[in-house]
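Beneath this line is the structure, given in structure tokens, with notes to follow.
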Amino acid sequence: MSWCNVGDLNRPKVHFFIHKYLLNQILSCCDVVNLAYFNSLDKCHCKQIVKLNKSAILTNIKKLWCLHKPTYHGSSWDYSHGSDTHSVCLATFTAWCNSHLRKAGTQIENIEEDFRDGLKLMLLLEVISGERLAKPERGKMRVHKISNVNKALDFIASKGVKLVSIGAEEIVDGNAKMTLGMIWTIILRFAIQDISVEETSAKEGLLLWCQRKTAPYKNVNIQNFHISWKDGLGFCALIHRHRPELIDYGKLRKDDPMTNLNTAFDVAEKYLDIPKMLDAEDIVGTARPDEKAIMTYVSSFYHAFSGAQKAETAANRICKVLAVNQENEQLMEDYEKLASDLLEWIRRTIPWLENRLPENTMQAMQQKLEDFRDYRRLHKPPKVQEKCQLEINFNTLQTKLRLSNRPAFMPSEGKMVSDINNAWGSLEGAEKGYEEWLLNEIRRLERLDHLAEKFRQKAAIHEAWTEGKEEMLQKRDYETASLSDIKALLKKHEAFESDLAAHQDRVEQIAAIAQELNELDYYDSPSVNARCQRICDQWDALGALTQKRSEALQRTEKLLETIDQLYLEFAKRAAPFNNWMEGAMEDLQDTFIVHTIEEIQGLSTAHEQFKATLPEADKERLAILGIHNEIAKIVQTYHVNMAGTNPYTTINPQEINAKWDKVRQLVPQRDQALIEEHARQQNNERLRRQFANQANVIGPWIQNKMEEIGRISIEMHGTLEDQLTHLRQYEKSIVNYKPKIDQLEGDHQLIQEALIFDNKHTNYTMEHIRVGWEQLLTTIARTINEIENQILTRDAKGISQEQLNEFRASFNHFDRDHSGTLGAEEFKACLISLGFDIANDAQGENEFSRIMSIVDPNRMGIVTFQAFIDFMSRETADTDTADQVMASFKVLAGDKNYILADELRRELPPDQADYCIARMAPYCGPDAVPGALDYMSFSTALYGESDL
């Protein structure tokens, strides 16, 4: 039989189930106007339809309530005073209330008396709800107590609880049954109602939770909240399931319920902070233990253990977030160190490459060239790998930061990837300039050595020729000479002038060579200049002396008319022939420098042409010697006193023959030198062709591989893992090609050692091959890194392979030029094809501008595939947020606005607890206590919303 709330009389269609006696009492107070239907009444009794007088019914119902207080069955309350159920519930409810009031520093002794003034009742509701109630009345009068109780009842009603026949007056009057009913209502609302397992009701959810937790235990079968708990094994199983170290479950016996119950109650009170709400004797001595008392006590276990589970979940979330943050910080530190080391190496290397102090010798410059080769072969390649790894680490770090919803990593000033690329560009610029300078210096020194030797030879020949010339020109022999002697002296002087004119070209060559040595900054230029100056001064002096002697001879010419024509002819023909022989000897002994086989062939042709003139020269020599023989014959015939010498020249037949023999001796030596140089140039040509044959294969191979990598990066074939495997195999095949590069390096070194500076058989230089090879290795590494980042994005964001394929297909469809990037309009069309609503109005343009600022932060006007994937990942996946981490910390802190170091060490691993303690700022709120830490600002800082 159910009893309704008097307040429900205001509602239509309310069905009452009332005793006949109560119905008749009600009807006696009412004016019968119409028939009303009372559903389920005894058909033997009054069956009338009435329109009740509301005020009369309220008055009489209240009187009848006091006389005939009903009894609740099932989920209702049994108010039979003095029963065993009443005593058990009284003790259980009192203990339950005290378990919460203890948090406010108070408790109750008598549940019927201590709630009468409403103060502790309001305090209990504030503790269990965590909310503030209206300010209580502090007076001692009845009206103050009723006001306080009404405030408590109004708060309960505001939580959606219907209070059936429970008024403030009954509580103030100390009605035990009403008080217990009210407490049971509070327990149902605040301790049991929120329990839900698989969308079941509160009671069913609590029962299902108990069944699941005790399922693995023998002799435990929880089917209800009364007799299933009598043997005590259910309570022990709940404790052992969550805290196995507290109870040795294997020693418990089903036939010893007193020991089981007392063990469970004592352990719960001592270790779980659950007060002892039940008495073992009452449970064992009752055929059917009170259901509400059991539910109340079991709900305490649910809340105690569910709190631990929440703390564990919160701790796991924080551990995960902190682990990600620690890993990212380590990656940042590694990047900073690697960038610093690389920049320091570049800083040290550039000044060495920019040093342009020339050396004075070929040996010193060749040592510089060898040092540069060692730098290229040994020192630079590891740094190229470090630079590539640095870029890969930076891209991986940025991807992880985006996936974990962290702000992008900004390296220290001057250590951005662009800064490193700029420094690397400066290094390569200095490197290129240094190599060109070395080669130019070697060419310059080679040219200087050749010119210096040529200067010394020509100077020595000229100095030998001028020896004694000044003394000869200063003689005054014509003063005592006969006419014939004078004529002879005059002719001799004319021959000397001819000889002097012939040597003018050599003097000019010496001066020109000295000037060129000065222009090329020859290290021994002072001595060259001094020697050249002496020759020029001497030459000027010879010119002046020659002019002076010529004038003197001409003055006496009229006196001296007899001239020996034969001597004169000898002198005239012998002088140029002598000069020709001297020039021939000089040319045959002249060193030569050539760089191509065509140049040496030209020298050989000129030499053959010279040899072809030797027969004619030999005829001229014999003719000159014939003149001398004729002079000797005339002297002998006519007894001319000529002192045995030619007065017109110092050249004699012996000298002509000696020089002619010298020329004949130098010709085969010149032949041998040309043959050897021709062989050397043939070897150089072989080296050129050998290098060109390999370079013409390797250069196009590198270009083809670059194009193939570009195609692979934009095509879709299989899963990302398949693409990654394909690329790594591709990378392995490229690395296996390295021996051919090394072989080409060896050929290039042979060319440099042979001082070969050009190669007409190929357009590829070793520098082109090196740059192409380094770009190829960097490109394949970056492409692999992009695929790895896509896999990382897919796994972290929960994106399926089909979604990635769809993103790639859409991107490739709009990438018309296969450049691997999309323009703004192409990207907009791609988004629309994927379902984005971007209208052609101001709002749509603003939305598209926002998206472009995400995928193209540098405003380059293009969108890369990696930026496209990152954007689509953010749009299709969820990540942890600062609010989630903050909520997790609040759970660990027990709903406080701060957290203590001991709480962090209790819930987190030691290293992560220390990490939090070191970085959390002190909490400065009004409720702060010593050692309080601000977890809210720390959680915000983890996601870049403030500074750690």
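Going by full-length UniProt numbering, the sequence shown opens with residue 1, and the numbers climb by one from there. All residues carry an ideal CB built from backbone N, CA and C; glycine is no exception. These numbers were taken from a predicted model, which means no experiment stands behind them.
For the 8 Å CB-CB criterion, ALA339 and ILE392 do not form a contact. The region 675 to 682 makes contact with the region 587 to 607: 3 or more CB pairs, one atom from each, lie closer than 8 Å. In the three-state DSSP reduction, PRO244 falls in the coil class, being neither helix nor strand. If you draw a straight line from the Cα of PRO275 to the Cα of ASP154, it comes to about 28 Å.
By the Cβ neighbour-count rule, MET141 is exposed, with fewer than 16 other Cβ atoms within 10 Å of its own. For ASP934, the secondary structure class from DSSP, reduced to helix, strand or coil, is strand.
With 16 or more other Cβ atoms from the protein chains shown falling within 10 Å of its own Cβ, HIS748 counts as buried.
Cα atoms of ASP837 and MET852: separation of roughly 15 Å, rounded to the nearest angstrom. The alpha carbon of ASN578 has as its nearest neighbour, out of PRO653, GLU608, ALA541 and GLN509, the alpha carbon of PRO653. Each residue's CA atom was taken as its position, placing PHE807 and GLN326 some 32 Å apart. Check the Cα spacing between TRP424 and each of VAL161, GLU616, LEU343 and PRO382: the tightest is with LEU343.
No Cβ-Cβ contact shorter than 8 Å links LEU822 with ILE787. For ILE510 and ALA430, the gap between their C-alpha atoms comes out near 39 Å.
Residue GLN554 holds the alpha-carbon nearest to the alpha-carbon of LYS487 among MET920, PHE372, GLU453 and GLN554.
HIS303 sits exposed, since fewer than 16 C-beta atoms from the chains shown fall within 10 Å of its C-beta. Per the C-alpha coordinates, the member of CYS89, HIS86 and MET122 positioned closest to LEU101 is MET122.
Residue range 417 to 466 is occupied by the alpha helix (DSSP H) that includes GLY433. Boundaries of the alpha helix (DSSP H) harbouring ILE832: 824 to 833, taken from the DSSP string. In the structure shown, the three-state DSSP call for THR259 is helix. Of all C-beta pairs linking the region 266 to 285 to the region 243 to 257, three or more are shorter than 8 Å, placing the two stretches in contact. When rounded, the separation of the alpha-carbon atoms in THR286 and VAL88 is 10 Å.
Cβ-Cβ separation between LYS492 and TYR648: approximately 4 Å, consistent with a contact (criterion under 8 Å). Within its own chain, the residues whose Cβ lies closer than 7 Å to the Cβ of GLU620, once the five positions on either side in sequence are excluded, are PHE577, listed in chain order. As DSSP reads the structure, ALA809 sits in no beta bridge.
A check of alpha carbon separations from PHE225 across ILE283, ASP255, LEU625 and LYS659 identifies ILE283 as the nearest. Shortest Cα-Cα distance from VAL161 to any of SER147, GLY167, ARG189 and THR940 involves ARG189. ARG253 and SER300 have their C-alpha atoms roughly 24 Å apart. Close CB contacts of ILE146 within its chain, under the 7 Å cut and outside five residues either way in sequence, are with ALA168, GLU169 and VAL172 (chain order). Along the region 472 to 535, the alpha helix (DSSP H) occurs as fully enclosed runs of 4 or more residues at 483 to 519, listed in sequence order.
The C-beta of ARG688 has 16 or more other C-beta atoms within 10 Å across all chains shown, which makes the residue buried. The bridge partners DSSP lists for ALA921 are ASP934.
Minimum Cα-Cα distance from SER937 among the listed residues PRO930, PRO926, CYS916 and GLU470 corresponds to CYS916. Take ALA314, set aside five residues on each side of it, and the residues of its chain with a beta-carbon closer than 6 Å to its own are SER888, VAL891 and LEU892, in chain order. Residue pairing by DSSP places VAL863 opposite LEU822 in a beta bridge. Distance from the CA atom of ILE108 to the CA atom of MET277, rounded to whole angstroms, is 14 Å. Counting only the Cα atoms, ALA692 lies some 49 Å from ASP618.
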